[in-house]
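Shown next, in structure tokens, is the structure this report addresses.
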Amino acid sequence: MFDRKDLENLEKFNFNDAYVLSLFLNVSPQDRKKQAYISKFKNLVKTLKEDIQDRCKEDISKIESFLQSERESFKKSVVVYSCIPKDLWIRYDLNLELKDSLVADTTPYTSPLFDLLDSYQKYGVLLVDKRTARFFLVFLGDIEEYGMVMHEDVPGKHKKGGWFALAEKRYERHIDYHVKGHLKDIVDRFDGFLKDKNIRRLIVAGPDETVSELMSILSDEIKLKIIGKVNIEKHASKEEILEKVVPIIEKYEKTKEKETVSELITRSLKNNNAVIGIDDVLKYLRERRVRKLITVKNLIFEGFICQGCGFATTQKVDCCKECGDCVMKSDNLIEKTIEMALEQSAEVEVIKDERDRERLIQYGGIGAFLRF
Ligand SMILES: [Zn+2]
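Taking this note's numbering, the leading residue of the sequence shown gets 1468, the next gets one more, and so forth.
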């Protein structure tokens, strides 16, 4: 797993004029049959210009032998950044499919990974019952377990028979007291886990009774992060848990994207701290006023970027309007906007849902919420 910090560090890494290879390759079991993924990699290499192939040949052969020797450890896809002259080698194994690609440039190709970070939130899952609690993190279609809490001193419920009504009541209260203590302890630990992992959305799982008791002691701050509740057996496997929480997550993300796109359109029409359209977005990025950049997948804007000051525009210009320096043609200004947004610590969200994507494209395909 990787997070935003890792990618930001990679973007800041100083390659000077050294070429870094960025590889995104599906290596799922069917791609591994008869080493199909190796031929895919070789074909990607052929798409590079010959002089670049030549410049990067050591990196290319290093990646090829890596693909040969590490196949047993692969998940569904692998991402590699390799730059031998700068002694850089980064590998990520992901449990989802990516578009195969190989890029050789003096900067690493990171936007597919930023897209993933924006498309896939981190979700915490808290699975409780009266004695135990388990913590999970769901991210990029994968689930990891981060710990278990057990409170053995919570007394068990006795059979009903043989107890006088009064004694039973007192006993129930005794149990309640212990369960509350257990839940309070869990909440404290879970809160720490959420902060540590920077998790903003969560799902609470367990028997209805325990979940509602838990809800009664949660802080409002945590309650606001909850996107769903589900009944899951306490010994459930990671895979079973993932299967139950994925539909909740998908439903939540769909609703959220729809709201984001609607808010962006409405507010930009009212000039209420939001703009839509590539040239406006670039303008406000230059003024460092963007709080959150909203764009869609697979959208391309050709344009020009100034070599001197970074000024970018979709208009055809020969020299930079700001500093007069030379401009270079850019195949896709979206990359530039994402780069600029991240430099000023703005959030980036990439809309995935097809309908919301179409709706945003009608209005210009890219927009931003502004700080002021
Ligand atoms: Zn310039």
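Where a beta carbon is used, it is the ideal one built from N, C-alpha and C, also for glycine.
Identify every residue that forms a DSSP beta bridge with residue i.
i       : result
ASN1493 : SER1544
LYS1796 : PHE1771
VAL1742 : ALA1835
ASP1609 : PHE1606
LYS1759 : GLU1814 and PHE1836
ALA1779 : ILE1772
GLY1614 : PHE1602
CYS1790 : DSSP output for CYS1790 lists no bridge partner at all.
SER1549 : LEU1488 and TRP1556
Going along the chain, which residues of its own chain have a beta-carbon closer than 6 Å to the beta-carbon of residue i, five neighbours each way excluded?
i       : result
LYS1624 : Residue placement at LYS1624 is poorly supported in this model, since its pLDDT is 49, which falls under 50; the coordinates still yield a value, given next. Closer than 6 Å at the Cβ level, and outside the excluded window around LYS1624, lies no residue.
GLY1831 : ILE1743 and GLY1744
GLU1724 : ILE1818, ASP1820 and ASP1823
Taking 7 Å as the cut-off, is the CB of residue i close to at least one heavy atom of ligand 1?
i       : result
GLU1806 : no
PHE1778 : yes
GLY1775 : yes
GLU1754 : no
CYS1790 : yes
CYS1550 : no
CYS1787 : yes
Three-state secondary structure (DSSP) at residue i?
i       : result
TYR1644 : helix
ARG1734 : helix
ALA1571 : strand
LYS1764 : coil
ASP1820 : coil
MET1468 : coil
THR1804 : helix
TRP1630 : For TRP1630, the predicted model reports a pLDDT of 46, less than 50, meaning its position is unreliable; a value from the coordinates is still stated below. Coil, per DSSP.
VAL1487 : strand
SER1704 : coil
VAL1712 : helix
LYS1516 : coil
Ends of the alpha helix (DSSP H) at residue i?
i       : result
PHE1446 : Outside the shown range of the chain, which is 1468 to 1839, sits residue 1446, and nothing can be said about it.
ASP1473 : 1471–1479
LEU1681 : 1675–1684
LEU1691 : Here LEU1691 belongs to no alpha helix (DSSP H), and DSSP marks it neither H nor E.
GLU1525 : 1524–1536
Between which two residues does the beta strand (DSSP E) carrying residue i extend?
i       : result
ALA1503 : From DSSP, ALA1503 is part of no beta strand (DSSP E) but of the alpha helix (DSSP H) over 1503–1513.
ASP1560 : 1555–1561
ARG1668 : 1668–1672
LEU1594 : 1590–1595
Near residue i, which residues of its chain fall below 8 Å by C-beta distance, leaving aside the five closest residues on each side in sequence?
i       : result
LEU1766 : ILE1801, ILE1828, GLY1832 and ILE1833
LYS1626 : Bear in mind that a pLDDT of 45 at LYS1626, under 50, signals an unreliable position, so the model cannot answer this.
ILE1715 : ILE1670, ILE1694, GLY1695 and VAL1697
ILE1505 : GLU1531, LEU1534 and GLN1535
Take residue i and list the residues in its own chain whose beta-carbon comes closer than 7 Å to its own, dropping the five residues that flank it on each side.
i       : result
LYS1788 : PHE1778
LEU1561 : LYS1542, LYS1543, SER1544, VAL1546 and LEU1607
LEU1709 : VAL1605 and ILE1610
TYR1613 : PHE1602, PHE1603, LEU1604 and PHE1660
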